[in-house]
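Reading through the structure tokens given below for one structure.
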Ligand code: FAD
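Numbering (the working numbering), first residue to last: 2 to 365.
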């Protein structure tokens, strides 16, 4: 029997998953795989990195869910190109299904896998799943990408009227999962050079009240008034479509936050130079003061400015920081301490549980 492979990445869920939906409907048996990518993991410096534990637990959950359906999750550890080389030789694979990832590294990786699949006469299908509107779907009337949020969001909302959000029900097709146990053992965290982090992760369920009262509470860091769903959007453990649909009927203010997310993802897609460079080249000429001792105080929450220090200590302890405080500490670092935004961006990238290249870079 030929196989369709569903390759999980930023879409760690069985429900309302676009690529998985199409794989299950393809008529082939569907095998689900996940790769712990060494080219990403090897760059992480902290063996207690909470993001790795988060993904690990979600992979264990997915595996258990698939086992309940008499199927399994095949989990690998290594360089994705090497893993695919082996898979394409070892199994009778007809097609590969996956959801798009818009970061420069991921685009390059996926192009390589697509080429490899082509050499083996295997179809490679990738889908929009991580965002509501992708790539060049929201453009200005002159055909250029938006670089300012408000007009982008207006066009985004306008487009939604003619392209309503559709939530995909995968459950009727669950019988298409391959009924076979995985022949590979799931690597342990220790095998991969990490330890289990004791961080408490935000829940992916309790949000209804938060969204309803969002407008009223969202500006007050002392109130638990935002959803803390960012880590779940990041790894696709919840569906952006399902949440955006709810937002449409509950809170336009919260919907706007989801649009910010799409906005920054399309900025990174169209302007990949923002990784490492200012959006506008003239700002690369700024002479930063870059005082290392000031930076150390900022990182450790010892600047003497209570709101800045509270935010940085929250970040260092929990991996989370309220949006308004992220804005304050970022402004403080760049405009008060005159330290290069790239230093702050890199520190956030190490510490944030919800670290996501596009939103972090956009925020900075
Ligand atoms: P809520 O307020 O409940 O919002 C719902 C969702 O909307 C969030 O989960 C997130 O997916 C999205 N969202 C909200 N605000 C923004 C925003 N300004 N930009 C993009 N998406 C948004 N967000 C990340 O997900 N990852 C990051 O690495 C990240 N780095 C940031 C760095 C800086 C300097 C700044 C100012 C903001 C950053 N943000 C980042 C955006 C925002 O602060 C977080 O998404 C938000 O605080 C997460 O909390 P929440 O889930 O309770 O959000």
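Cβ coordinates follow ideal geometry from the N, Cα and C atoms, glycine included.
Residue i: CB within 7 Å of a non-hydrogen atom of the ligand FAD
i: residue 269; result: no
i: residue 254; result: no
i: residue 261; result: yes
i: residue 30; result: no
i: residue 205; result: no
i: residue 131; result: no
i: residue 364; result: yes
i: residue 278; result: no
i: residue 337; result: no
i: residue 316; result: no
i: residue 218; result: no
i: residue 323; result: yes
i: residue 231; result: yes
i: residue 135; result: no
i: residue 328; result: yes
Beta-carbon proximity list for residue i, same chain, < 8 Å, skipping 5 on both sides
i: residue 351; result: 46 and 47
Beta-carbon proximity of residue i to residue j, cut-off 8 Å
i: residue 243; j: residue 128; result: no
i: residue 131; j: residue 101; result: yes
i: residue 14; j: residue 238; result: yes
i: residue 266; j: residue 359; result: yes
i: residue 339; j: residue 261; result: no
i: residue 177; j: residue 31; result: yes
i: residue 160; j: residue 195; result: no
i: residue 94; j: residue 86; result: no
i: residue 365; j: residue 311; result: no
i: residue 245; j: residue 259; result: yes
i: residue 51; j: residue 200; result: yes
i: residue 206; j: residue 219; result: no
i: residue 356; j: residue 193; result: no
8 Å contact criterion, which residue i and residue j should meet: CB distance rounded
i: residue 77; j: residue 34; result: 7 Å
i: residue 4; j: residue 175; result: No, residue 4 and residue 175 are not in contact; Cβ-Cβ is about 16 Å, not under 8 Å.
i: residue 235; j: residue 277; result: With a Cβ gap of about 21 Å, residue 235 and residue 277 do not count as contacting.
Same chain, Cβ closer than 7 Å to residue i, neighbours up to 5 away in sequence not counted
i: residue 115; result: 125
i: residue 40; result: 80
i: residue 296; result: 340 and 344
Check: residue i C-beta below 7 Å from any heavy atom of the ligand GDP
i: residue 361; result: In the structure on display, the ligand GDP does not appear, and the ligands it does have are the ligand FAD.
Close beta carbons around residue i, own chain, < 6 Å, minus the five adjacent residues each side
i: residue 168; result: 17, 242 and 243
Any C-beta of chain E under 8 Å from that of residue i
i: residue 298; result: As a matter of chain content, chain E is missing from the structure shown, which is built from one protein chain.
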